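Trainee:
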DNA sequence: CGTAGTCGATTACATACGTAAACGATGGAG
DNA sequence: CTCCATCGTTTACGTATGTAATCGACTACG
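Chains as they are written, first to last, in our numbering: chain R, 285 to 412; chain L, 285 to 412.
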């Protein structure tokens, strides 16, 4: 009997950094991923390899052999990831309603005038 | 020499459930908190006590003695918590820009017509 | 051919988190 | 006074996460 299609395991913050590299360009070798993130996060190549393995286990990343090494590519779309994470937050903190989140961002001045303009534009589109 | 005002430690998801109870009404005893959350999350009283201790350690909750037991109250405002968590998400996933988050919620149909109306109203206020 | 570098895989170890049982003090019922 | 219920505290233990060192295989250089 097939497992109940395993709900995607969560991607941790460190793992996300690796995913971002792969979302920008893929496939990449572990080396190349490291070149994209190791300096920034002050990681060793080993750390990147560990994170890649964990992501493969979580089925978030696919491998394809290339000679003696592997090339890694994302198996989940960035926009899906953003979607689930955003919704998780909205559910957890705002009872699933997006408006209160927006109100909060507005109050805490997390909204730049640019943001406001963009959101207005989006609203206009939604209404059309 | 005073410690560099310790940046507030993170509140975990389980801990948040306890905070929610205290935000709704406080001060409460551990018992009372349990009455609010134990059924829902299927927790034992012990679990609630552990979470309360951790929250006290994290300075997120204050205690005041009441006979042989303690009364617990939040030390951080819910709106502050919402603010930091929201901002953390926006930073982590959307490079600090709120508009893309909004766009994402819109695309993934996480916005109800009510949400949209509310946000419109908020925007109008922001512009005034 | 032997050896050094490089790969992925395995193992390691500290901290955080979820969940709770065990423990020691103490106050109230008999 | 004695014993039990109840507090908060301490200890426990499994999994997740951050961050790597180590290991065994293999390849390219000398």
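Quick reminder that beta carbons are idealized off the backbone N, C-alpha and C, glycines included. Nothing here was measured: the structure is a model prediction, and the numbers come from that model.
1. Return yes when the Cβ of residue 399 of chain R is within less than 8 angstroms of the Cβ of residue 458 of chain L, no when it is not.
2. Beta-carbon separation of residue 363 of chain L and residue 367 of chain R under 8 angstroms?
3. Among residues of its own chain, excluding the 5 on either side of residue 360 of chain L, which ones have a beta-carbon nearer than 6 angstroms to its beta-carbon?
4. Name the chain R residues that come within less than 9 angstroms of residue 367 of chain L, Cβ to Cβ?
5. In the region 332-346 of chain R, which residues sit with their C-beta less than 9 angstroms from some C-beta in chain L, listed in chain order?
6. Are the region 296-311 of chain L and the region 331-347 of chain L touching by the rule of at least three beta carbon pairs closer than 8 angstroms?
7. Please state the DSSP three-state secondary structure of residue 328 of chain R.
8. Where does residue 346 of chain R fall in DSSP's three states?
9. Is residue 274 of chain L near residue 310 of chain L, with beta carbons less than 8 angstroms apart?
10. Report the residue from L:410, L:388, L:371, L:333 whose alpha carbon sits nearest the alpha carbon of residue 312 of chain L.
11. Using DSSP with H/G/I as helix, E/B as strand and the rest coil, what is residue 323 of chain R?
12. What is the DSSP secondary structure of residue 288 of chain R, counted as helix, strand or coil?
13. Which chain R residues sit within Cβ distance under 7 angstroms of residue 404 of chain L?
14. Under the rule that 16 or more other beta-carbon atoms within 10 Å means buried, what is residue 337 of chain R, buried or exposed?
15. Using the Cβ count rule (16 or more neighbours within 10 Å means buried), how would you classify residue 370 of chain L?
16. Pick out the complete alpha helix (DSSP H) segments inside the region 368-393 of chain R, 4 residues or longer, and give them in chain order.
17. Residues of chain L with CB closer than 9 angstroms to the CB of residue 297 of chain R, please, in chain order.
18. When you compare only the Cα positions, how much space is there between residue 316 of chain R and residue 295 of chain R?
19. Measuring straight from C-alpha to C-alpha, what distance separates residue 378 of chain R and residue 326 of chain L?
20. Counting only beta-carbon atoms, is residue 399 of chain L nearer than 8 angstroms to chain R?
21. On the DSSP bridge list, what partners appear for residue 356 of chain R?
Mentor: Once the coordinates are examined:
1. The requested residue 458 of chain L is not part of the displayed model; chain L covers only 285 to 412.
2. no
3. 344
4. 388, 389, 391, 392, 394
5. none
6. yes
7. coil
8. strand
9. This structure cannot settle anything about residue 274 of chain L, because the visible part of chain L is limited to 285 through 412.
10. L:333
11. helix
12. Interpretation of residue 288 of chain R is limited by its pLDDT of 46, a score under 50 that renders its predicted location unreliable; the figure taken from the coordinates is listed afterwards. In the structure shown, residue 288 of chain R sits in coil (DSSP, three-state: anything other than H, G, I, E or B).
13. 407
14. exposed
15. buried
16. 382-391
17. 376
18. 20 angstroms
19. 22 angstroms
20. yes
21. R:312, R:347
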